[in-house]
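Peer 1: Read left to right, the sequence shown gives residues 6 to 290 (this note's numbering).
Cβ coordinates follow ideal geometry from the N, Cα and C atoms, glycine included.
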Amino acid sequence: MNRLDKSEFIFKIVAYVILILFAFACVYPLLYVVFISVSGRDAVLMGKVTFFPKDLQFTAYKEVLQDRKFWSAYCNTIFYAFYGTIVSMIVAITGAYALSKSRLMFRRGFNFMLVFTMWFNAGMIPTYKNFQNLNINNKYGYIIGLGFNAFNIVILRNFFETIPSEIEEAATIDGATEFQLLTKIYMPMSKTSIVTVTMFYALSRWNGWFWAVLLLTNDRDKPLQVYLRNTINALESQDVDEGSVYTPQSKEFALILCSIVPICILYPQMQKYFAAGVNVGGVKE
Numbered sequence: 006m007n008r009l010d011k012s013e014f015i016f017k018i019v020a021y022v023i024l025i026l027f028a029f030a031c032v033y034p035l036l037y038v039v040f041i042s043v044s045g046r047d048a049v050l051m052g053k054v055t056f057f058p059k060d061l062q063f064t065a066y067k068e069v070l071q072d073r074k075f076w077s078a079y080c081n082t083i084f085y086a087f088y089g090t091i092v093s094m095i096v097a098i099t100g101a102y103a104l105s106k107s108r109l110m111f112r113r114g115f116n117f118m119l120v121f122t123m124w125f126n127a128g129m130i131p132t133y134k135n136f137q138n139l140n141i142n143n144k145y146g147y148i149i150g151l152g153f154n155a156f157n158i159v160i161l162r163n164f165f166e167t168i169p170s171e172i173e174e175a176a177t178i179d180g181a182t183e184f185q186l187l188t189k190i191y192m193p194m195s196k197t198s199i200v201t202v203t204m205f206y207a208l209s210r211w212n213g214w215f216w217a218v219l220l221l222t223n224d225r226d227k228p229l230q231v232y233l234r235n236t237i238n239a240l241e242s243q244d245v246d247e248g249s250v251y252t253p254q255s256k257e258f259a260l261i262l263c264s265i266v267p268i269c270i271l272y273p274q275m276q277k278y279f280a281a282g283v284n285v286g287g288v289k290e
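1. Label residue 62 either buried or exposed according to how many other C-beta atoms from any shown protein chain fall within 10 Å of its C-beta, with 16 as the threshold for buried.
2. Just how far apart, CA to CA, sit residue 183 and residue 159?
3. In the segment 100 to 163, which residue ranges form an unbroken alpha helix (DSSP H) of at least 4 residues, counting only runs that do not cross its ends?
4. Count the other CB atoms, across all protein chains shown, that sit within 10 Å of the CB of residue 128; report buried if there are 16 or more and exposed otherwise.
5. With H, G and I counted as helix, E and B as strand and the rest as coil, what does DSSP make of residue 11?
6. Measure the Cβ-Cβ separation of residue 250 and residue 64 and say whether it is below 7 Å.
7. Indicate whether at least one CB of chain C lies closer than 7 Å to the CB of residue 143.
8. Between the segment 91 to 99 and the segment 187 to 206, can you find at least three pairs of beta-carbon atoms closer than 8 Å?
9. Taking the alpha helix (DSSP H) that residue 65 belongs to, which residues open and close that run?
10. At what residues does the alpha helix (DSSP H) containing residue 200 begin and finish?
11. What residue range is occupied by the uninterrupted alpha helix (DSSP H) comprising residue 249?
12. Just to confirm, are residue 123 and residue 103 a CB contact at a threshold of 7 Å?
13. Ignore the nearest five residues each way along the sequence and tell me which others in residue 206's own chain have a CB closer than 6 Å to its CB.
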């Protein structure tokens, strides 16, 4: 083995070791949450749970899944994520399409105003007062009120601008309308960016809790993240029940794991679109 081959061999060994350690550091916290959620009370309290669960039990999951408030909050979150994403994508796609057209009157001014909102905004309190004055205190107002995001519109606008104008001209000569240009040409050719922005909106809606706490006055409309926050705060102040087979921490972790199941299923399926979508849509300004 010559010197170059030896150095390459050492580099590969070090690289693999670092990657394995990094992967373990990323995966272990999730595994630890799983281990605690299915471990017995005594094992958790005595700190015996490290790399494997101890005194296996699933009572914490049973109680979580039997809680009607949990399922009500779950349904609310699915409702907000689904319809909120649809509303946001309609705004983003139509707005990006219009702003990508050089024939749009005052295009530079509209684009400047769009980007300006990314640099400066009114602030949390004025925004809240604006929502309050518009009576955005129910689930439908919550969906529409948070339906705009300048960054995502810029991503789609930049992607639309990369589509050759010759394709649009050919379709226009054949009699295509603006709606047909958008739905038959721009959207199919921008599938990567559209899927990426859709996931951005869906994740934002799924994880949203701050504005939900402030805007939704009816407890029946609260999403899952608000339910998680309130329940976990209650569990953290709860003493360990001597007659229980699990600790409050086990129920906390079981609750968290149950809440991320849809994201864990969908996110890997969409991961392949992310890099291409952001790179192509985010380069040009």
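Peer 2: Taking the geometry as given:
1. Translated into positions along the sequence shown, residue 62 becomes position 57. Buried.
2. Position 178 of the sequence shown, counting from 1, holds the residue named residue 183. Position 154 of the sequence shown, counting from 1, holds the residue named residue 159. The straight-line gap from Cα to Cα measures roughly 20 Å.
3. 112 to 124, 129 to 138, 144 to 150
4. On the sequence shown, residue 128 is found 123 positions in, with the first residue counted as 1. Classification for residue 128: exposed.
5. What you label residue 11 is simply residue 6 of the sequence shown in a count that begins at 1. Helix, per DSSP.
6. Here the question's residue 250 lines up with position 245 in the sequence shown. Here the question's residue 64 lines up with position 59 in the sequence shown. The answer is yes: Cβ separation under 7 Å.
7. Of the protein chains in this structure there is only one, and it is not chain C.
8. yes
9. As a first step, residue 65 must be located in the sequence shown, where it is residue number 60. Element bounds for residue 65: 64 to 70.
10. Along the sequence shown, read from residue 1 onward, the residue named residue 200 stands at position 195. 196 to 212 is the span of the alpha helix (DSSP H), which, as asked, contains residue 200.
11. Your numbering for residue 249 matches position 244 in the sequence shown. Note, residue 249: premise wrong, no alpha helix (DSSP H); not H, not E.
12. Here residue 123 is taken as the residue at index 118 of the sequence shown, counted from 1. Here residue 103 is taken as the residue at index 98 of the sequence shown, counted from 1. Their beta carbons are not under 7 Å apart, which means residue 123 does not touch residue 103 by this criterion.
13. By one-based count along the sequence shown, residue 206 stands at place 201. Closer than 6 Å at the Cβ level, and outside the excluded window around residue 206, lie 90, 93.
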